[in-house]
Amino acid sequence: MNAGSLRAKLPPDFVWGVSTSSYQIEGAVKEDGRGPSIWDIYSRQPGRIANGDSGDVACDHYHRYREDIGLMRDLGVRAYRFSVAWPRVMPNGRGDVNEAGLAFYDRLIDALIAAEIEPWLCLYHWDLPQALGDLGGWTNRDCVQWFADYAALIGRRYGDRVKRYATFNEPSVFTLFGFCLGGQPPAVSDHAMLLRAIHHVNLAHGAAVDRLRASVTDVSLGAIHNRQPCRPAAGDPANLPAAEELDAYWNRAFPDPQLRGFYPPLLAGAMAPYQQADDLARICRPVDWFGLNHYSPLYVTADAGNPLGVGLGSAPVNVPRSNMGWPVEPDAFRETLIGVHQRYGLPIYVLENGTASPDEIDASGEVADAPRIDYLRAYNAAMFAAIDAGADVRGYFVWSLLDNFEWGSGYSQRFGLVYVDYPTQRRTPKASFHWYARLIRSCRAPPAPPAGPRQAPAAARRHD
Ligand code: GCO
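Residue numbering for the sequence shown follows my numbering, starting at 20 and increasing by one per position.
The structure is reproduced here in structure tokens:
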């Protein structure tokens, strides 16, 4: 990749970053007053998580955040996307506030700012307080107000230092897998509950946008959507209706009402019974950017085993795959960036992109993660091609800084630029860490040359 030419394509204020999430890295799940989340309870249920793993300790980031910020500095990123654990700051999700929990994020944010790394704060990366889950969670319309009150608390507490906020991470993913496809809490499969959850999360997004705008001066906010083309598995036309159905739920059920003011046609009728007057106006509130997570296309099959009749099938055999089995198709990323630009017309920040690879520490103590370097090189080239085609992409954040708790896969999958040896919590930057650091340095605009002697204005020079 010719970095020099890349610089020409990037806006001068292009943001290079890394991303993580609270439940996946913090640990300390019972420390300093934190309440349980639905993921704490779900992870402890037998058979839910590979190898019986949980986020109880994870990367112990709660105690090691200063070391991890040092790694970010070495990487050369100027931005760090993290999430706040709602039950760490409000143990029951509403009412009482946990000062010790708030104080942790004060320490984290202050240390980031001291390291000249801009904090990007995501309010919700799936760890709903279990106390609210017990009251129906996102199927209960009261959760909208509970979330808005939580957003207001965060804005008031950190708004003097944090200006970048995301309301939700991947709302389509946690609602689809939680209420229809399985694999995430509350692990039910019920179309009415899915529709209620979708609608209430959309309402909660709109309410939080209003509360953040009211509490944070100069706020810059958006939501983070996983957007991936839904293709009929095996190219079989019989799978096309399932691909179109999943596309409506996975790619449009949130950005369309939030940014265009209406549900996609495949959802609109089914959603109507759960809407109250002016709900769409409550959802469609002005945001500043589109947060995009992208990994690979989805190959969709018809599957009568769930209310949507959709299943995740296999990619074509000739397509390379990651350790997760996800197809590596960078051109789908280019298409997605251009499509998001054309459909929503907002500045785009890529807030997750990366891959799982079978990383090991070799005899010399290094981690030669060539598959991740190949992936990042190809996907950055695809991003630059999309920018060249006119997509307004303003930033790129790698998922993830650290190997971490990969939900149902537990610690069996590694997405980090930094290898985490979990028994010792030792961090080892991988080869991809150094590759990404070089890419950032090469793409960052060179410092302006020192001002030379003052010259006459150009017009005057033309005549001299
Ligand atoms: C997601 C989540 C992350 C995952 C990452 C790899 O997209 O599922 O945002 O928490 O860990 O994407 O699956």
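Every residue gets a Cβ at the ideal spot worked out from N, C-alpha and C, and that includes glycine.
Separation of G66 from N270, as counted between CA atoms: Taking the straight line from one Cα to the other gives about 29 Å.
Where V37 falls: helix, strand or coil (DSSP): strand
Rounded straight-line distance, which links the Cα of D407 to that of V48: 45 Å
Where D440 sits in the DSSP three-state scheme: strand
Run of the alpha helix (DSSP H) containing E354, from where it starts to where it stops: Counted as a single uninterrupted DSSP element, the alpha helix (DSSP H) harbouring E354 occupies residues P349 to Y363.
Whole-angstrom C-beta distance between L436 and L420, which should lie under 8 Å: 6 Å
Closer than 6 Å: S40 CB and nearest ligand 1 heavy atom: Relative to the non-hydrogen atoms of ligand 1, the Cβ of S40 comes within a distance shorter than 6 Å of at least one.
For C249, the first and last residue of its enclosing beta strand (DSSP E): C249 to P251 is the span of the beta strand (DSSP E), which, as asked, contains C249.
Cβ shell of Q247 (< 8 Å), same chain only, five flanking positions each side left out: W269, N270, H313, Y314, S315, P316, L317, A351 and T355
At least three beta-carbon pairs within less than 8 Å, the stretch 383 to 402 to the stretch 55 to 64: no
Member of E371, P335, Q361 and G241 whose CA lies at the smallest distance from the CA of D307: G241
T194 (DSSP reduced to helix, strand or coil): It is helical.
Proximity test, E371 beta-carbon vs ligand 1 heavy atom, cut-off 6 Å: Yes; taking the cut-off as 6 Å, the Cβ of E371 has a heavy atom of ligand 1 nearer than that.
E189 Cβ short of 6 Å to ligand 1 heavy atom set: yes
C-alpha gap between R460 and I136, whole angstroms: 15 Å
Check: W345 C-beta below 6 Å from any heavy atom of ligand 1: Answer for W345: no, Cβ out of range of ligand 1.
W105 beta carbon less than 7 Å from that of Y184: no
Residue from D129, I132 and G112 whose Cα sits closest to the Cα of L142: G112 is the residue among D129, I132 and G112 whose C-alpha sits nearest the C-alpha of L142.
CB of M212 within 7 Å of CB of T158, strictly: In this structure, M212 sits near T158, with a CB-CB distance shorter than 7 Å.
Separation of R160 from V486, as counted between CA atoms: No statement about residue 486 is possible, as the shown extent of the chain runs from 20 to 483 and does not include it.
Near ligand 1: N312 beta-carbon under 6 Å from a heavy atom: Under cutoff, so the answer is yes.
W418: CB within 6 Å of a non-hydrogen atom of ligand 1: yes
Contact belief for G46 with D75 at Cβ below 8 Å, rounded distance in angstroms: 6 Å
Exposure of T443, with buried meaning 16 or more beta-carbon neighbours within 10 Å: exposed
Same chain, Cβ closer than 8 Å to H82, neighbours up to 5 away in sequence not counted: G46 and A47
Straight-line gap, A405 to L154 (C-alpha atoms, nearest Å): 44 Å
Span separating the alpha-carbon of Y489 from that of G152: Absent from the model: residue 489. The displayed extent of the chain is 20 to 483, so no value can be given.
Candidates H360, G358, G373 and E264, of which the one nearest P346 by Cα: Looking at the Cα atoms, G373 is the closest of the given residues.
Residue range of the unbroken alpha helix (DSSP H) whose run includes F424: For F424, there is no enclosing alpha helix (DSSP H), since its DSSP letter is neither H nor E.
Separation of W145 from R53, as counted between CA atoms: 16 Å
Outcome for Q164 when other beta-carbon atoms lying within 10 angstroms are tallied against a minimum of 16: exposed
C-alpha gap between T186 and I243, whole angstroms: Their backbone Cα atoms lie some 8 Å apart in a straight line.
Where the alpha helix (DSSP H) containing R279 begins and where it ends: P274 to R279
Collapsed DSSP secondary structure at F434 in the structure displayed: coil
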